[in-house]
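Worksheet: one structure, shown below.
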Amino acid sequence: MKTVILCGGRGTRLGEHGVNVPKALIEIGGRPLLWHLLKIYSQQNLNDFVLCLGYLGDSIKRYFLEHQWLYSDFTLESSDSGDYKLNKHRNLTEDWRITFADTGLDTNTGGRVKKIQNYIGDDETFCVTYGDGLADIDLHALMEFHKSHGRIGTLTAVHPRSNFGLIKLDADNSVIEFEEKPLMKEWINGGYFIFNRAIFDYLDDDSVLEREPFEKLASQRELIAYQHHGFWKCMDTYKDNVEFNQLWDSGQAKWKIWE
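Read left to right, the sequence shown gives residues 13 to 271 (our numbering).
Structure, rendered in structure tokens:
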């Protein structure tokens, strides 16, 4: 089963940290965010990746090319259509197969998935995730859940952590409790999708995956949520990067499910 990673966005909320370095290459514990994401999947025997590149995509390719102590057999090929160029290689220490697909500088999320349709091959199902979210998710449980309901798509629902500390007041407005950045009760889309091939019928080159395609799937009851109650965090701002590194340095990186 292939895993498609959306790593072509501009990372505008990272400020100057996302101007010259793609979000996927911003480091946590000395390794790019993308490396951590690949490790999560490969630890659970999902080793065949398609990276949807866009903004600063050449930097991602160059990272693998320049780290020969990690990677080997690096080649550059062209697709039959000539639309995309692919870099494929085998990793010396990881059993990874990676295809780099140039999906456009400012293509929306659904459009990027549509553009890699030919790379899914004959697979009936495939994984998709954002290139900025890490979790201790059980991917095998996610796959079994997807098989069990037989619908077109499964998204992983997570409880986000509030960006602000909360206060509790009593009847006369006295502050009685502080709660520092608690988990919220609401669910949000945490990525880590599994789709059947039928998803491509809902996409075009301009689609925003989270808008019309998901709205149509939801109206047809073809999109089911898998509830993940464990760790989840995304790299949205520079502050998130600092927090990720603090978790890594303190031995509290719960997404590190590998040894």
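C-beta: ideal position from N, C-alpha, C; glycine also. Keep in mind it's a predicted model, so treat the numbers as computed, not measured.
What do you reckon, are the CB atoms on residue i and residue j nearer than 8 Å?
{"i": "Thr166", "j": "Ile236", "result": "yes"}
{"i": "Cys19", "j": "Leu50", "result": "no"}
{"i": "Leu46", "j": "Val125", "result": "no"}
{"i": "Ala147", "j": "His241", "result": "no"}
{"i": "Phe207", "j": "Ile149", "result": "no"}
{"i": "Trp270", "j": "Gln55", "result": "yes"}
{"i": "Leu195", "j": "Arg173", "result": "yes"}
{"i": "Ser219", "j": "Gly69", "result": "no"}
{"i": "Lys44", "j": "Ile52", "result": "Position check: residue 44 holds Pro in this sequence, whereas Lys was assumed. No, the pair does not count as a contact, with Cβ atoms beyond the cut-off."}
{"i": "Gly145", "j": "Gly66", "result": "no"}
{"i": "Thr137", "j": "His158", "result": "yes"}
{"i": "Met13", "j": "Asp134", "result": "no"}
{"i": "Leu181", "j": "Ile188", "result": "yes"}
{"i": "Ile132", "j": "Arg209", "result": "yes"}
Could you give the first and the last residue of the continuous alpha helix (DSSP H) run that contains residue i?
{"i": "Thr121", "result": "Thr121 to Lys127"}
{"i": "Arg74", "result": "Gly69 to Glu78"}
{"i": "Phe176", "result": "Element bounds for Phe176: n/a, residue is neither H nor E."}
{"i": "Leu229", "result": "Glu224 to Ser231"}
From the DSSP output, in three-state form, read off residue i for me.
{"i": "Ala169", "result": "strand"}
{"i": "Arg22", "result": "coil"}
{"i": "Ala237", "result": "strand"}
{"i": "Leu259", "result": "helix"}
{"i": "Arg43", "result": "strand"}
{"i": "Lys197", "result": "coil"}
{"i": "Leu37", "result": "helix"}
{"i": "Asn253", "result": "helix"}
{"i": "Ile132", "result": "helix"}
{"i": "Leu65", "result": "strand"}
{"i": "Glu189", "result": "strand"}
{"i": "Ile269", "result": "coil"}
{"i": "Tyr214", "result": "helix"}
{"i": "Tyr204", "result": "coil"}
Along the beta strand (DSSP E) that carries residue i, what are the first and last residues, could you check?
{"i": "Arg163", "result": "From DSSP, Arg163 is part of no beta strand (DSSP E); its letter is neither H nor E."}
{"i": "Asp114", "result": "Arg109 to Asp114"}
{"i": "Leu146", "result": "Gly145 to Ala147"}
{"i": "Phe243", "result": "Unbroken run through Phe243: none, as it is neither H nor E."}
{"i": "Val140", "result": "Thr137 to Tyr142"}
Do you know how far the Cα of residue j is from the Cα of residue i?
{"i": "Ile200", "j": "Tyr75", "result": "32 Å"}
{"i": "Thr115", "j": "Leu77", "result": "20 Å"}
{"i": "Ile110", "j": "Asp60", "result": "6 Å"}
{"i": "Trp108", "j": "Ala36", "result": "17 Å"}
{"i": "Phe256", "j": "Phe212", "result": "34 Å"}
{"i": "Met155", "j": "Lys228", "result": "22 Å"}
{"i": "Glu198", "j": "Val170", "result": "8 Å"}
{"i": "Ala113", "j": "Ile17", "result": "10 Å"}
{"i": "Glu106", "j": "Tyr204", "result": "21 Å"}
{"i": "Arg223", "j": "Arg233", "result": "15 Å"}
{"i": "Gly41", "j": "Ala183", "result": "46 Å"}
{"i": "Ser231", "j": "Tyr214", "result": "13 Å"}
{"i": "Phe119", "j": "Asn175", "result": "Phe is not the amino acid found at residue 119; the sequence shown has Thr there. Straight-line Cα distance between these residues: approximately 29 Å."}
{"i": "Ile72", "j": "Ser186", "result": "52 Å"}
{"i": "Pro34", "j": "Thr15", "result": "20 Å"}
{"i": "Tyr238", "j": "Ala153", "result": "9 Å"}
{"i": "Thr141", "j": "Cys246", "result": "12 Å"}
{"i": "Asp248", "j": "Ala265", "result": "17 Å"}
{"i": "Glu192", "j": "Lys251", "result": "16 Å"}
{"i": "Gly143", "j": "Leu117", "result": "15 Å"}
{"i": "Asn253", "j": "Phe226", "result": "29 Å"}
I think residue i touches residue j, with their Cβ atoms under 8 Å apart; what is that distance to the nearest whole Å?
{"i": "Leu58", "j": "Cys139", "result": "7 Å"}
{"i": "Lys127", "j": "Asp217", "result": "7 Å"}
{"i": "Trp267", "j": "His48", "result": "7 Å"}
Any beta carbon from chain D within less than 8 Å of residue i's own beta carbon?
{"i": "Leu181", "result": "This model lacks chain D altogether; it includes just one protein chain."}
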